[in-house]
Amino acid sequence: MSTIETATTAETATTEQRTCIIGAGSSGIAAARVLQERGIPFDCYELGDRVGGNWVFKNINGVSASYRSLHINTSRERMEFPDFPMPKRYPDFPRHDHIAEYFDSFVDHYGFRDSIRFETGVDRVGPRDDGRFDVRLSTGEQLVYSHVIVANGHHWDPRMPEPAFPGSEDFNGEQIHSHAYEDEKQLTGKDVVVLGVGNSGMDIAVDASYHAKNTYLAHRRGAHIVPKYLFGKPIDQIGGSERLPGPIRFWLMGLLVKMANGDPSKYGLKKPDHKLGHAHPTVSGRILDRLCHGAIKPKPNIESLGEDTVRFVDGTEVDADLVVYCTGYKITFPFFDEDFISAPDNRIDLYKYIFSPKVENLYFLGLVQPLGAIMPIAERQAELIAEHITGGYTLPAAGAMEHDISVKQQKMKRRYVASKRHTIQVDFDDYMKELRLELESCRPVARGGERPLTAAAV
Ligand SMILES: Cc1cc2nc3c(=O)[nH]c(=O)nc-3n(C[C@H](O)[C@H](O)[C@H](O)COP(=O)(O)OP(=O)(O)OC[C@H]3O[C@@H](n4cnc5c(N)ncnc54)[C@H](O)[C@@H]3O)c2cc1C
Ligand SMILES: NC(=O)c1ccc[n+]([C@@H]2O[C@H](COP(=O)([O-])OP(=O)(O)OC[C@H]3O[C@@H](n4cnc5c(N)ncnc54)[C@H](OP(=O)(O)O)[C@@H]3O)[C@@H](O)[C@H]2O)c1
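Going by the numbering used here, the sequence shown opens with residue 1166, and the numbers climb by one from there.
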């Protein structure tokens, strides 16, 4: 379908039910597939010229965090859409281009490419008095949709250290966020300080250890370093099951990781102040090796920057040409007015991490930080959204949703290290089960029965 035809169809949506999907990353295409299968009319808009979002290196959308050396850290079999396995010729942890190719073939396989309008951004979404949404595109077109699915990703808006380190304004070298890292050319021959021990910090420190003059890895908190393999198997394929309770799963995994790697402090990193599973996992098969080789020098947090130096909180100081802040991301929706929907400090109140209790027919997809992969989750979330659009799934009253959200947030606060990176955490197996139970509950509701809240909600 041509661009013009799509736009015309959408304009007539003032009188029909039609859904707008924002973004054709892995979450957006999961929604498109489900909606197409159910015969739910939709249009999907994508800033870039191809699908795959974050996984398209040098994506013209300008917001992909991909770098040349990026491989997935959730294994192929955990990440693939269950009904569309990745090719067996792929390695266990494929590179970004394999993953982008896989998402591309997913769209062709299910045949909905014509429903995606490429190089077309959604610039604004606002509520209308009739309960639908005004949608303005980057082309200037004004459309009306009955439902909107937000799948714009949550790893594209860099969070720099807040506040900036003293002296950073006078630093002569370069300071970048990991989002701006593309490849080793940016590191070659330099004195590089990498800050943060999330997965970006791991990858970029390892890259730097091969290309930079010196590599320092600064961190304010210790992390358990989870290897990619245990017993010759991708670690995320061990022990994952809806039937094994989360606390037992993480206790067991913590034991196995300790047996495999020992204490991170043995490698010069800080001792973690939390148990495994109480922070987003840091997965790396290579960092410990590079630390042991002396190719990466561990440091505590940055205290300040000099003109050509970085000083750490233990009083040591090193020459520095480049500081790479691997300090995570903000959850942002540039197309909403802030007082309509926003996520200050990455906090957003959504029922089941999908539904706004305040705005009907507005859905958020892939807006979770799983201990596990996002893709199968996004697909199951999309199934629940489709049930809601078609009337098979009814939400509880706003008060009950708010209560459920608050209970979950308190649980998250008790379990996770206090950090802006831990506001939308879910355990893959437990959350998949929760979504499955919601889907299974659809039937009685469709018949007009009372739908009880799931156990997690009470
Ligand atoms: C470096 C890195 C590595 C990662 N590795 C893994 C991993 O191994 N496994 C894993 O499960 N997760 C990983 N993640 C998490 C990542 O968020 C997911 O892999 C995945 O990209 C989520 O897909 P998405 O569709 O939700 O978001 P994205 O991939 O970010 O896609 C969002 C899409 O929406 C489009 N878009 C945004 N705004 C608009 C707009 N206004 N109008 C139109 N289009 C718009 C964008 O162009 C983009 O194509 C990683 C994240 C990073 C940063
Ligand atoms: N496939 C892959 O291999 C891969 C590679 C990169 C990223 N990813 C994914 O991308 C997402 C983002 O990862 P990320 O590593 O970019 O971000 P992240 O997980 O949010 O980690 C941010 C790190 O920076 C630290 N930090 C934040 N602000 C700081 C400050 N002001 N001073 C000092 N330290 C600070 C955090 O410490 P605290 O814990 O103390 O807050 C944490 O160690 C995750 O889902 C991750 O799994 C995957």
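All residues carry an ideal CB built from backbone N, CA and C; glycine is no exception.
Less than 8 Å separating the Cβ of residue i from some heavy atom of ligand 2?
i	result
His1263	no
Glu1327	yes
Gln1534	yes
Lys1585	yes
Asp1368	yes
Thr1492	yes
Ile1467	yes
Leu1421	no
Gly1361	yes
Assuming residue i contacts residue j (C-beta within less than 8 Å), just tell me the rounded distance between them.
i	j	result
Ala1640	Leu1530	Summary: the structure shown does not reach residue 1640, with the chain confined to residues 1166 through 1623, and so no result is reported for it.
Ser1229	Asn1219	5 Å
Tyr1346	Ile1369	6 Å
Phe1249	Phe1271	5 Å
Thr1380	Val1359	7 Å
Met1540	Ala1196	Not a contact, Cβ separation roughly 12 Å.
His1236	Pro1259	7 Å
Ser1192	Ala1316	4 Å
Is any heavy atom of ligand 1 found at a distance shorter than 8 Å from the C-beta of residue i?
i	result
His1319	yes
Glu1211	yes
Thr1588	no
Ser1365	yes
Val1288	Note on residue identity: the sequence assigns Asp, not Val, to residue 1288. Yes; taking the cut-off as 8 Å, the Cβ of Asp1288 has a heavy atom of ligand 1 nearer than that.
Met1244	yes
Met1540	yes
Asn1238	yes
Pro1323	no
Leu1530	yes
Val1216	yes
Ser1231	yes
Ala1345	no
Thr1380	no
Ile1187	yes
Phe1500	yes
Ser1192	yes
Asn1226	yes
Asn1219	yes
Exposed or buried, which one is residue i when buried takes at least 16 other CB atoms within 10 Å?
i	result
Ile1550	buried
Phe1593	buried
Pro1292	buried
Met1424	exposed
Cys1491	buried
Thr1447	buried
Cys1209	buried
Leu1470	buried
Arg1408	exposed
His1458	exposed
Ser1303	exposed
Asp1356	buried
Pro1639	Absent from the structure is residue 1639, since the part of the chain shown begins at 1166 and ends at 1623.
Pro1522	buried
Ser1167	Caution applies to Ser1167, whose pLDDT of 33 falls short of 50 and renders its modelled position unreliable; the model cannot decide the point.
Ala1563	exposed
Lys1576	exposed
Ser1111	Nothing about residue 1111 can be read from this structure; the chain reaches only from 1166 to 1623.
Gln1546	buried
Glu1603	buried
Near residue i, which residues of its chain fall below 6 Å by C-beta distance, leaving aside the five closest residues on each side in sequence?
i	result
Ile1513	none
Leu1352	Ala1373, His1376 and Ala1377
His1439	Val1582
Tyr1432	Leu1453 and Leu1456
Cys1607	Glu1552, Gly1557 and Tyr1558
Lys1585	Asp1510 and Asn1511
Arg1203	Ala1551
Asp1486	Gly1338, Lys1355 and Asp1356
Could you pull out every residue in the same chain whose Cβ sits closer than 8 Å to the Cβ of residue i, ignoring the five residues on either side in sequence?
i	result
His1145	Given that the chain is displayed from residue 1166 to residue 1623, the structure contains no residue 1145 and the question cannot be resolved.
Met1325	His1342, Tyr1490 and Thr1492
Gly1227	Leu1212
Using a Cβ-Cβ cutoff of less than 7 Å, which residues in the same chain neighbour residue i once the five nearest sequence positions on both sides are dropped?
i	result
Met1244	Ile1237, Ala1538 and Met1540
Leu1421	Leu1395
Ser1333	Gln1340 and Leu1470
Phe1501	Val1290 and Ser1507
Residue i CB to nearest chain C CB: under 9 Å?
i	result
Asn1226	Going by chain labels, chain C is absent from the structure shown, which holds only one protein chain.
Taking only runs of the beta strand (DSSP E) that begin and end inside the segment 1172 to 1218, which ones reach a length of at least 3 residues, in chain order?
1184 to 1187 and 1207 to 1210
Whole runs of the beta strand (DSSP E) within the segment 1407 to 1466, excluding any shorter than 3 residues
1462 to 1464
Just list the beta strand (DSSP E) runs in the segment 1281 to 1306, keeping only unbroken ones of 3 residues or longer that don't cross its boundaries, in chain order.
Listed in chain order, they are 1287 to 1292 and 1298 to 1302.
Enumerated in chain order, which unbroken segments of the beta strand (DSSP E) with a length of 3 residues or greater are wholly contained in the segment 1333 to 1389?
1339 to 1342, 1356 to 1360 and 1379 to 1383
Jot down the residue ranges of each uninterrupted beta strand (DSSP E) in the segment 1515 to 1547, minimum 3 residues, whole runs only, in chain order.
1527 to 1529 and 1534 to 1536
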